[in-house]
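K.L.:
Take the sequence shown: its letters are residues 54 to 256, numbered as in the numbering used here.
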Amino acid sequence: MKSVTDIAREIVTREGGFVNDPDDPGGATKYGVTLGTLKRLGIDLTNDRRTDIADVKALTRDRAVQIFVEDYFIRPKLADLPEALQASVFDMYVNAGANGVKILQNLLNDMGADLQVDGALGPQTVAAAHQAALRDPLLLADAYGIARRNYYYRLADSRPASRKFARTRDGGKGGWILRAEEFISPRFHLTIAEHRERCAAWG
C-alpha cells in the first residue's frame with residue numbers, strides 16, 4: 054500500500070518544475086506549490102524577509118512533499134476518509150484546494166446525503182463517505198474521479214483561457230482530464246471521440 058508520502062511524491066512528479074503561466078489562476082508554481090501557498094504558510098526560502106517568485110524557484114522536491122503531506126493531507130484530515138478515496142481527494146486538494154472536498158460533498162448529496170457544501174471535511178461528510186463506501190468503495194472512488202473530470206470540463210466551459218489544460222491542440226485529452234482519469238478505472242475513461250464531443254462547443 055502506498056503511503057501518503059509516496060502519493061505526495063507522485064503529485065510532485067506529475068506537477069513538474071517551475072511554471073508561471075498567465076492563464077493558470079494559481080500563478081507562479083513549482084512542483085504544484087503556488088506562490089500563494091508559500092505566502093499563506095509564511096515560507097521564506099531565500100531568507101530575504103519576503104515571499105516572492107524567487108522562493109517558488111528555490112523550492113525543493115522534498116520541501117514540496119512536506120508541504121503537501123502536512124498542509125493538504127494532515128491538516129484537512131483526509132486520512133478520515135475511506136481509504137479508496139484518499140489518494141484522489143488528496144490529489145484534487147493539491148490541485149484545487151477545498152474544491153476537492155466540495156466535489157465529494159456534492160457527489161455524496163447526489164447519492165442521498167444531506168451535506169452542506171462548504172469544502173470542510175467534518176464528521177458528517179466523513180460519515181456519509183464511509184456509508185457510501187460500504188456499498189462498493191472502488192465504485193465510489195470511480196464516481197469521485199468522474200466528478201473531478203466533470204469539474205474540469207465545467208471550469209473550461211466557463212473560462213476559455215483554461216481550455217488548454219483540458220484539451221490539447223490536436224483535440225486530445227489535456228493534462229486536467231488525464232490527471233482525473235489516473236484515478237478512474239479504465240472502463241470509465243472517455244474515448245478520444247467522446248472527449249472531442251464533450252469539447253465540441255469550445256470551437
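We put the beta carbon where it would ideally sit given N, CA and C, even for glycine.
1. Does Pro176 pass the burial test, meaning 16 or more other C-beta atoms within 10 Å, or should it be called exposed?
2. State the DSSP-derived secondary structure class of Lys226, mapped to helix, strand or coil.
3. Could you give the DSSP three-state label for Thr82: helix, strand or coil?
4. Report all residues from its chain with a CB closer than 7 Å to the CB of Gln158; omit the five preceding and five following residues, and keep chain order.
5. Going by alpha carbons, who is nearest to Asp124 out of Asp105, Arg93 and Asp97?
6. Please tell me whether Ala117 and Val57 are closer than 9 Å, where the distance is taken between their beta carbons.
7. Of the choices Tyr146, Leu192, Glu136 and Thr221, whose alpha-carbon is the least far from that of Tyr204?
8. Let's see if you can read the secondary structure: which residues bound the alpha helix (DSSP H) around Leu208?
9. Mind checking Leu191: buried by the 16 CB within 10 Å criterion, or exposed?
10. If you follow the alpha helix (DSSP H) that Phe241 is part of, which residue opens it and which one closes it?
11. Check whether the region 102-110 and the region 73-92 are in contact - that is, three or more C-beta pairs closer than 8 Å.
P.N.:
In short, the structure shows the following:
1. exposed
2. strand
3. strand
4. Leu168, Val170 and Thr178
5. Arg93
6. no
7. Tyr146
8. Pro190 to Ser211
9. exposed
10. Careful: Phe241 lies outside any alpha helix (DSSP H) and carries neither H nor E.
11. yes
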